[in-house]
Amino acid sequence: MKDIDKSFKKDTETDFPLREEMRPRKVTTPDGQVIDIDPLQDYFCQEPPKVHRKSYSAIVEGFYNWARANSLWILGFGTGCGAIEMRPLMTPRFDAYRYGIQWRPTPRQSNLLVISGYLSVKTLKRAIRAYEQMPQPKYVVGLGSCTINGGMYWDSYNTIKKLDEYLPVDLYIAGCMPRPEALLAGLMDLKKLIRKGEAEGANRYAENFDWYKANQKSVIKDWDMPDYSW
Amino acid sequence: MRELIEHLTPRYSLGAPVFQRPGLTFVDVKRDKLRALLLDLRDKHGFTHLVLLTAVDWLEEGRFQLTYLLNNRAADQTLGLRLYLDRANPMGDTIHDIWPTAATYQRELREMFGIAFPGSPRVDEEFILEGWTDMPPYRRDFDTLAYSQQTFVERGGRETHEPRATMKHKLYPEG
Amino acid sequence: MSFEWIHVAYAALTLFIVINYGMIMTALVRKIGARVSGRYGIPIWQNYIDLAKNIALRSKVTHGAMFYLGPVFRLTGGVGLLLFVPTIYGSVMHQNFSYAGDLILALYFVFFGTLGMALGAGESGHPHAAIGVSRGLAQVTTAELPLALAVYALSLQYQTIDITEIVAAQQGSLFNWTLFTNPLATVAALFGLVGTMMRSPFDVVMAPQEIPIGPPTEYHSSYLALMQTNRVLFPVAKVVIFMNLFFGGATNWAEFAVKAFAIYMIPVLIGVVNPRFRVEQSIRFFLKWGLPVGILAIVTV
Amino acid sequence: MGSLRDVLSPFTAWKHVIETPVTLKNPIGREAADRYRGFHQNDTEKCIGCGSCETICQNAAIDMVPVDDPKEGDSGLRPQIDYGRCCWCALCVDVCMTGSLTMSNEYTWVDTDPDAFRFIPGVDEKPWDAIAKGYQRPGERMLSGLTRPEMMEMEPEARIDNFDEIVAGYSREQAVLEADRCVECGLCVATCPVHMDIPDYIAAIREGDYDLGTQILYETNPFSEVCGRVCTHKCETVCAAQYEGEPIAIRWLKRHIIDNVSEERRLEIVGTPQVLPTGRKVAIVGAGPAGLTTAYDLARQGHAVTVYEAQDHAGGMMRYGIPEYRLPYDALDRDIAVIRAQGVEIKTGVRIGSDITLAQLKADNDAVVLGIGLHMGRSTRVPGSDAPGVEAAIDLLRRITAGEEVPVPKKVAVIGGGNVAMDIARSMARLQKQKYGAVGVTVTALEDFAHFLADKEEVTESIEEGIEILDARGPQEMVTFKSGKRKGEVKGLRTWKVISIFDDQGRFAPQYDEADEIVHEAEMVVEAIGQMADVSLLGDELTEALQWNRGRIAVDADGHTSEPWLWAGGDSVHGPDVIHAVADGHKLAASVSAMLAAKAEVAK
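Residue numbers (the numbering used here), protein chains in the order written: chain A, 1 to 230; chain B, 231 to 405; chain C, 406 to 706; chain D, 707 to 1310.
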């Protein structure tokens, strides 16, 4: 264990000021009209996430789950070094497409967010927004040690340690980084979870929304976005 | 290299050079002579490339060391210039007009060490950190582990035992 | 040709067959493309699963009526194109609603979908969508120029704007096909085909890696499902036009399947092995190579 | 524009369409390379729980958790690895002292529960436990040194004709090299009878802080000079370093500290008792390690301590049993000086029983502690063992130390295979060398070399010095002159070859091969087969009153005898060993002090 300076106290007094472009202000339009602008209110949706019920018919839900499992669309968002292990899956050597897995460039069309390794506070902010924009049901996979308990960034001042504090994680894959084979094995396990109807992270997120938000805000000091964005 | 240093030393009152290995030399410079020296090195002596600009926190000595690493590609020579700043009020001189890349290094040093570079472009804007309110994190009196523990949640349930204490406790509890 | 209600049912059947044909064929083409790059590629039924998955999504975010209408317009473009063109020549069932002036309508429908998309994507408010739309429209316009010129050349050649008549004129022998009677027009039209099928090297607009996916960046769930359906329908419909205009049409479903696949493979053949052009490169290419061929086709008629 | 060739060449890629894809058919669970660093394995039988893996882990991924009770040389802890931290760098495997920690080449672990990724390899069963492939530390690559720096010793030719100290002690450079090998696990602390803080004082050497080192030494042991030279170093037998090379030379390192602190500085560091005198008086019989340690502890607590010693000098067996070439007298004197400085009064030349009685001591003091040692040699009791020329080793050693004239014949036979046998053999060899210029000593030991009792280096050095050592020989008779002027005097030792020493029940019952008989020619036969305590000083009455245990005074765990005022400890109670005697001394002091405190409470 590293030595620790017991007298060290982090600065909890100072608040980070809202960035200039996010502050409410008056703007003169080209035709001379003066309007009030509050970016935080105007640019974003303020509606909290809802818990979405399953389909009434078990057979339909089963079919849906089968379809969801066999059409995993991953958001192409590499948060840490693990992104480099995700790439081989797209290559001919591993060819994840044959398992119905593909990468989408926009959160709107993705169902799976792979947190590929360490997540710095700065990236967490983006990851949260990306996650919230994904349509339900959506899944989160934690890739590597860093997402489980901080990994080799355990003593870093700007990476989170426990991913499940901030996002509802369905599955973890151990490794630093996990090999592409392990990642693929993880995705196969995720498929099984989805088929069993156990991957309900999005609903968990909606149910414990306040808790997640509190955790997120405890580390993101420049919270200049609405509580829910889509 | 020795000739160059010997040539420059009286003019720029350099410190004693350290010949680290062939092709790598370090020398101390004074702040008021830095700019002229850099221009001289760049324009007359072929040190056209600023490899990096970084800082070292000499906490115990109460000063920051700026290291300007210059490279003369044609001669395969690297020269490190060390400049010491007072740690209490660290103020450097911007050289972004000599090497534009320096502006980026200076932004980093401003954010990570809290060294001011007045006049450097966008130097006071956020660079890598977002919403940072604590002391610059690369300073050595910033305890990153302590900060981490006070900020982030770690997975609980871990407990370790020291072999010596465990054996003492179990084998000779009387002391 | 008089209208009877039964034609609606027949057209629906055509639509059904063509959609499924498109589903399987595009998957097959992707598999072939995968083989070229040394992998196995998606399962042949993957398009159906993706479609079901997108319909199965629970949350849908809308950005207003136009956002919803975008994919609808797009699909209308595909469906309309198909329905106003005779799919199978001489077949009562799959003659669809083709009529005397359908060549002009078909040309309109080729463009209609893109316009609808532009409106819908614009409504989403996403900057990527707006960028994508402007890039897409610019590129499609120049790509369609040689096609339009080829169609004029054709109508001049056959003295008609009725697709059925054009197909009829090509019957009898292989050498009656426009491909042989007017190869320049065919080549000019193929520029248009390659340019609008959204395949490399002319797919920078919709490519996932580029300004995230362009116009459909905000589309998801059922909206995306609609667009997906269109994406398998529209190319086939477009191919049907080319089949009818330049390759002698099809007299039965087997001939349709073979010919459509073969024509579809033309852009695939090029696309699979070629890197992407940037938008301005594409425009320059069509203006430099496609346009002169098209003009030449008209001039030589 | 490029050429037509540029346009057409991409199409050659279409040839792949008929080739077999390069895709792996089933990549999931594909075996990794033979030396892949996958999940951990631990051979828990081999593991000693030293915690080196935990110390070296840069990610704080390893916890030491108890899975078993501690044993000698095994903390009972085993590493638990948190795969939420591990980065598979294998430093833990590289540093593992026993080589028990390895890595398999398995790498797939998926779980929905983030807490599941914490496990104790080898204890929590995992699918990869039996996988032989994976990462093991390459044999030739060690993170710590394998061997001790060689101790500078006098050459046999130089040392054989004098009693000068053989071992020179480490230089600063050597000591730092050796200290660097220590992984600071602390397994030795439990094994050391006095629980010295070994890793701490080794760390002090590394830092060059000898004052701190001395302070740590004195916290547990006032005999650093002695133990730095002649300790039986039980600690080195459990040292984690022994699994990959030689154990740390803990004894030499201790000596290195004390070698680097002058006597004056030592007195300054240790200081004098910092408490007011309690007015309690304690008498200690015997100025050996047990008695003096007791005296040191009690004096530090403010009690008035008087030590009574029958010999002319303090030190007991340390002075009179250990030859000077192993433990110079001035080194011992420096240790004793520190003890004296605590206000301990040592009355030498006072024999209990004749000069003063125990009853007298009992009357004058609050408590009496016996640390009388083992000063009487045992006899073999073979025929002729009472003949002139047959000597007890312990008696001879004492006489040599005391400077008395001892007979030095040309040929000497020694019976015994322990350290005392080596001591007397080597001492006699030196005297012979001085007198005749040649060594003529034969040691006959009951045990074979594989089971020898003496330290290895003792045996090696003896042989280097020209001493003949014969193993597995049982003494049968002291051969004496049957006639002539020297009738009755010893002229040799007859021995038989030993077949076995113990019978089936483990009792002492040697079996001999009578055909293999040797008569060792010798004018002196020295018996070095063990010692006993001289308990005559107790007097008949007290001997009656005390409880006994196989010829030794029976004591409880604290060294308290059946008489409330009397304590006993050291060699006479627990057998010969300096460091045990010191441990006993601490124990006695604690017990006596507790009794005195209780008395003080009552007095209040």
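Just so you know, even glycine gets a beta-carbon here, dropped at the ideal spot from N, CA and C. Just so we're clear, the structure is a prediction, and the values are computed from it rather than from any experiment.
Exposed or buried, what is A/Gly117 when buried is set at 16 or more other beta-carbons lying within 10 Å of its beta-carbon? In the first sequence, residue 117 of chain A corresponds to position 117, counting from 1. By the neighbour-count criterion, in which 16 or more other beta carbons inside 10 Å mark a residue as buried, A/Gly117 falls on the buried side.
What separation, rounded to the nearest whole angstrom, lies between the Cα atoms of D/Val1308 and D/Ala1251? In the fourth sequence, residue 1308 of chain D corresponds to position 602, counting from 1. In the fourth sequence, residue 1251 of chain D corresponds to position 545, counting from 1. D/Val1308 and D/Ala1251: Cα-Cα distance of roughly 27 Å.
Contact set between D/Phe717 and chain C, taken where Cβ atoms lie within less than 7 Å: On the fourth sequence, position 11 is the one that residue 717 of chain D refers to. Result: Val678.
Short check: CB of B/Leu296 to CB of B/Gly276, under 8 Å? In the second sequence, counting from the first residue as 1, residue 296 of chain B sits at position 66. In the second sequence, counting from the first residue as 1, residue 276 of chain B sits at position 46. For the 8 Å CB-CB criterion, B/Leu296 and B/Gly276 do not form a contact.
Simplified DSSP assignment, three categories, for D/Ala1073: Counting from 1 along the fourth sequence, the entry for residue 1073 of chain D is found at position 367. D/Ala1073 falls in the strand class under three-state DSSP.
Which runs of the alpha helix (DSSP H) fall wholly inside the region 466 to 536 of chain C and span at least 4 residues, in chain order? Within the region 466 to 536 of chain C, the complete alpha helix (DSSP H) runs of at least 4 residues are 470 to 488 and 507 to 529.
Check distances from the C-beta atoms of the region 360 to 391 of chain B to those of chain F and list, in chain order, the residues that come in under 9 Å. No chain F is part of this structure, whose protein chains are labelled A, B, C and D.
Using a Cβ distance threshold of 8 Å, determine whether the region 459 to 479 of chain C contacts the region 619 to 636 of chain C, with at least three qualifying pairs required. Between the region 459 to 479 of chain C and the region 619 to 636 of chain C, the count of Cβ pairs shorter than 8 Å is three or higher; the stretches touch.
Quick check on C/His412 - is its C-beta less than 8 Å from some C-beta in chain A? For this step, residue 412 of chain C is matched to residue 7 along the third sequence. By this cut-off, C/His412 is not an interface position.
Can you list, in chain order, the residues of its chain whose CB lies under 8 Å from that of D/Gln786, leaving out five sequence neighbours each side? Here residue 786 of chain D refers to the residue found at position 80 of the fourth sequence. Cβ neighbours of D/Gln786 beyond the five flanking positions: Ile768, Asp769, Met770, Val771, Arg824, Phe825 and Ile826.
Within chain A, partners of C/Ser464 - CB distance below 7 Å: The residue given as residue 464 of chain C occupies position 59 in the third sequence. Taking the beta carbon of C/Ser464 as reference, the chain A residues within 7 Å of it are His52, Pro135 and Gln136, listed in sequence order.
Identify the continuous beta strand (DSSP E) that holds A/Tyr139 and give its terminal residues. Along the first sequence, read from residue 1 onward, the residue named residue 139 of chain A stands at position 139. Where A/Tyr139 is concerned, the enclosing beta strand (DSSP E) stretches over Tyr139 to Leu143.
Below-8 Å beta-carbon distance, D/Trp720 vs any chain C residue: Locating residue 720 of chain D in the fourth sequence gives position 14, where the first residue counts as 1. Answer yes: the Cβ-Cβ gap between D/Trp720 and chain C drops below 8 Å somewhere.
Taking a contact to mean a Cβ-Cβ separation below 8 Å, would you say D/Ile963 touches D/Tyr916 in this structure? Numbered from its first residue, the fourth sequence carries residue 963 of chain D at position 257. Numbered from its first residue, the fourth sequence carries residue 916 of chain D at position 210. Against a cut-off of 8 Å, the Cβ pair of D/Tyr916 and D/Ile963 comes out as a contact.
Please state whether DSSP places A/Ala214 in a helix, a strand or coil. Residue numbering aside, residue 214 of chain A sits at position 214 when the first sequence is read from its first letter. Helix.
Test: B/Leu401 CB closer than 8 Å to a CB of chain D: Here the question's residue 401 of chain B lines up with position 171 in the second sequence. Residue-level contact check: B/Leu401 touches chain D, since one or more beta carbons of chain D fall below 8 Å from its beta carbon.
In chain order, what residues of the region 79 to 97 of chain A put their CB closer than 7 Å to some CB of chain D? Against chain D - using a Cβ distance shorter than 7 Å - the residues of the region 79 to 97 of chain A are Pro92, Arg93, Phe94 and Asp95.
Could you tell me which residues DSSP puts in a beta bridge with B/Phe249? Indexing the second sequence from 1 puts residue 249 of chain B at position 19. Answer is B/Thr255.
Chain D residues whose Cβ lies nearer than 7 Å to that of A/Met188: Position 188 of the first sequence holds residue 188 of chain A. For A/Met188, the residues of chain D that pass the 7 Å Cβ criterion are Ile734, in the order they occur in the chain.
Which residues bound the alpha helix (DSSP H) around D/Ile1175? Here residue 1175 of chain D corresponds to residue number 469 of the fourth sequence, with the count starting at 1. Taken as a continuous stretch (DSSP letters only), D/Ile1175 belongs to no alpha helix (DSSP H), being part of the beta strand (DSSP E) at Glu1174 to Leu1176.
Since C/Ile437 meets chain D, which of its residues come closer than 7 Å, beta carbon to beta carbon? Within the third sequence, the letter at position 32 stands for residue 437 of chain C. Neighbours of C/Ile437 on chain D, chain order: Val723.
Can you round the beta-carbon distance between A/Val141 and A/Leu171 to whole angstroms, since I take them to be within the 8 Å contact cut? Working through the first sequence from its first residue, we reach residue 141 of chain A at position 141. Working through the first sequence from its first residue, we reach residue 171 of chain A at position 171. Yes, they are in contact, since the Cβ atoms of A/Val141 and A/Leu171 sit about 5 Å apart, within 8 Å.
Which first and last residues belong to the beta strand (DSSP E) in which B/Asp316 is found? Numbered from 1 along the second sequence, position 86 holds the residue referred to as residue 316 of chain B. In the DSSP assignment, B/Asp316 falls within the unbroken beta strand (DSSP E) covering Gln307 to Asp316.
I want to verify the contact list: residues of chain A whose CB lies under 7 Å from the CB of C/His625, in sequence order. Against the third sequence, residue 625 of chain C aligns to sequence position 220. The answer, in chain order, is Arg108, Gln109 and Pro135.
For B/Lys400, which of helix, strand or coil comes out of DSSP? The residue given as residue 400 of chain B occupies position 170 in the second sequence. It is helical.
Among B/Leu264, B/Gly253 and B/Pro252, which has the Cα closest to the Cα of B/Arg241? Looking up residue 241 of chain B in the second sequence gives position 11. Out of B/Leu264, B/Gly253 and B/Pro252, B/Leu264 has the C-alpha closest to the C-alpha of B/Arg241.
Can the beta-carbon of C/Thr583 be found closer than 8 Å to that of C/Leu650? Here the question's residue 583 of chain C lines up with position 178 in the third sequence. Here the question's residue 650 of chain C lines up with position 245 in the third sequence. C/Thr583 is a Cβ neighbour of C/Leu650, given a cutoff of 8 Å.
Listing by chain order, which chain C residues have their CB less than 9 Å from the CB of A/Ser116? Stepping through the first sequence from its first residue, residue 116 of chain A is reached at position 116. Within chain C, no residue comes near A/Ser116; the closest Cβ sits about 18 Å away, beyond 9 Å.
Min CB distance A/Gly151 to chain D below 8 Å: By one-based count along the first sequence, residue 151 of chain A stands at place 151. Yes, because at least one Cβ of chain D sits closer than 8 Å to the Cβ of A/Gly151.
In the DSSP output, what is D/Ala1274 paired with across the bridge? On the fourth sequence, position 568 is the one that residue 1274 of chain D refers to. DSSP output for D/Ala1274 lists D/Leu1076 as bridge partner(s).
Cβ of C/Asp455 less than 8 Å from any chain A Cβ? For the purposes of this step, residue 455 of chain C is taken as the residue at position 50 of the third sequence. Interface residue, yes.
Just tell me which of D/Glu760, D/Trp834, D/Ile872 and D/Leu982 has its CA closest to the CA of D/Ala738. Walking along the fourth sequence from the start, residue 738 of chain D turns up at place 32. Of the candidates D/Glu760, D/Trp834, D/Ile872 and D/Leu982, the one whose C-alpha sits nearest the C-alpha of D/Ala738 is D/Trp834.
Applying the 10 Å Cβ sphere with the 16-neighbour rule, what's the burial state of C/Pro532? Translated into the one-based positions of the third sequence, residue 532 of chain C becomes position 127. Label assigned to C/Pro532: exposed.
Nearest neighbour of A/Ser7, chosen from B/Lys398, B/Thr374 and B/Gly387 [CA to CA]: The residue given as residue 7 of chain A occupies position 7 in the first sequence. For A/Ser7, the nearest C-alpha among the options comes from B/Thr374.
Kindly confirm or deny that the region 118 to 135 of chain A and the region 72 to 84 of chain A touch, where touching means at least three C-beta pairs closer than 8 Å. Yes: at least three Cβ pairs fall under 8 Å.
Which two residues bound the contiguous beta strand (DSSP E) that contains D/Ala947? Working through the fourth sequence from its first residue, we reach residue 947 of chain D at position 241. Looking at the DSSP string, D/Ala947 is not in any beta strand (DSSP E), and its letter there is neither H nor E.
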